[in-house]
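J.: Reading the sequence shown from the start, the letters are residues 29 to 163 in the working numbering. My questions will all concern the structure given below.
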Amino acid sequence: MLLVSLVYASNVSTAVDEQAVARILEVSRANNEQQDITGLLCFNHRYFLQCLEGSRTRVNHLYQRILGDPRHSDILLLDYAEIEQRQFDQWAMGYVPSGQLARQQILRFSGKAEFNPYEMTGASARGLLAELGSL
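Encoded structure:
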């Protein structure tokens with residue numbers, strides 16, 4: 029099976045509170061587990077930054093569903109790569125809330141200390157997610 033990793037950013041287009049995020053994670057984890065998709069979601073009430081890992085077909089289908097999800101706007105594909113192994117294999121969908129986004133971490137991977145994935149390269153977004161996922 030060909031493994032891929034997809035990293036995207038999006039703006040939040042509707043109000044998404046912590047309860048909504050909890051529901052999103054519950055449904056995503058159940059669906060991703062059935063599809064053997066792993067990944068990590070970072071959310072700060074303004075932006076989503078997410079990495080999805082799995083078979084090319086399944087990740088692409090999931091990304092197509094995300095493109096049609098009304099909670100997202102201005103979806104930007106930051107990175108898409110074939111991979112030999114998963115980086116977030118311990119999670120059907122890991123989650124990093126805004127409270128865990130440290131200024132120094134963001135500054136290490138971005139030009140500003142404020143979290144804005146639209147100002148990051150694919151490599152820097154992937155680096156930030158990797159570091160956040162190791163906490």
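Note that CB positions come from ideal geometry on N, CA and C, so glycine has one too. These numbers were taken from a predicted model, which means no experiment stands behind them.
In angstroms, rounded to a whole number, what distance separates the CA positions of residue 157 and residue 80?
T.: Mapped onto the sequence shown, residue 157 falls at position 129. Mapped onto the sequence shown, residue 80 falls at position 52. Computed Cα separation, rounded: 11 Å.
J.: Three or more C-beta pairs under 8 Å: does that hold for the region 29-44 against the region 118-131?
T.: No, they do not touch.
J.: Spatial neighbours of residue 105 within its chain, please: CB distance less than 6 Å, with the 5 preceding and 5 following residues excluded, ordered by chain position.
T.: Position 77 of the sequence shown, counting from 1, holds the residue named residue 105. Around residue 105: 36.
J.: Is residue 89 helix, strand or coil when you go by DSSP?
T.: Reading the sequence shown from its first residue, position 61 is the one you call residue 89. Residue 89: helix per DSSP, three-state reduction.
J.: When burial is assigned at 16 or more other CB atoms within 10 Å of the CB, is residue 30 buried or exposed?
T.: Within the sequence shown, numbered from 1, the residue matching residue 30 stands at position 2. By the 10 Å Cβ count, residue 30 comes out exposed.
J.: Using a 10 Å radius around the Cβ and a threshold of 16 neighbouring Cβ atoms, would you call residue 96 buried or exposed?
T.: Your numbering for residue 96 matches position 68 in the sequence shown. The residue in question, residue 96, is exposed, as its Cβ has fewer than 16 Cβ neighbours within 10 Å.
J.: Quick check: what's the CA-CA separation for residue 119 versus residue 33?
T.: Position 91 of the sequence shown holds residue 119. Position 5 of the sequence shown holds residue 33. Each residue's Cα considered, the two are about 14 Å apart.
J.: When you compare only the Cα positions, how much space is there between residue 77 and residue 43?
T.: Position 49 of the sequence shown, counting from 1, holds the residue named residue 77. Position 15 of the sequence shown, counting from 1, holds the residue named residue 43. So the alpha carbons of these two residues sit roughly 16 Å apart.
J.: What first and last residue would you give for the beta strand (DSSP E) that runs through residue 46?
T.: For the purposes of this step, residue 46 is taken as the residue at position 18 of the sequence shown. That residue, residue 46, is in no beta strand (DSSP E); its alpha helix (DSSP H) goes 46-63.
J.: Do residue 135 and residue 72 have their CB atoms nearer than 8 Å?
T.: The count along the sequence shown starts at 1 and reaches residue 135 at position 107. The count along the sequence shown starts at 1 and reaches residue 72 at position 44. In this structure, residue 72 does not lie closer than 8 Å to residue 135 by Cβ.
J.: Pop quiz: residue 117 and residue 149 are said to be a contact at Cβ under 8 Å. What is the actual Cβ separation, rounded to whole angstroms?
T.: What you label residue 117 is simply residue 89 of the sequence shown in a count that begins at 1. What you label residue 149 is simply residue 121 of the sequence shown in a count that begins at 1. Going by Cβ atoms, the distance from residue 117 to residue 149 rounds to 24 Å, so no, they are not a contact pair.
J.: Using the Cα positions of residue 59 and residue 142, report the straight-line distance between them to the nearest angstrom.
T.: Here residue 59 corresponds to residue number 31 of the sequence shown, with the count starting at 1. Here residue 142 corresponds to residue number 114 of the sequence shown, with the count starting at 1. Looking at the two C-alpha atoms, the distance is approximately 32 Å.
J.: Kindly indicate the opening and closing residues of the alpha helix (DSSP H) around residue 126.
T.: Here residue 126 is taken as the residue at index 98 of the sequence shown, counted from 1. Element bounds for residue 126: n/a, residue is neither H nor E.
J.: Let's test the definition: count the other Cβ atoms within 10 Å of the Cβ of residue 41 and tell me whether it reaches 16, buried, or not, exposed.
T.: Numbered from its first residue, the sequence shown carries residue 41 at position 13. Exposed: under 16 other Cβ atoms inside 10 Å.
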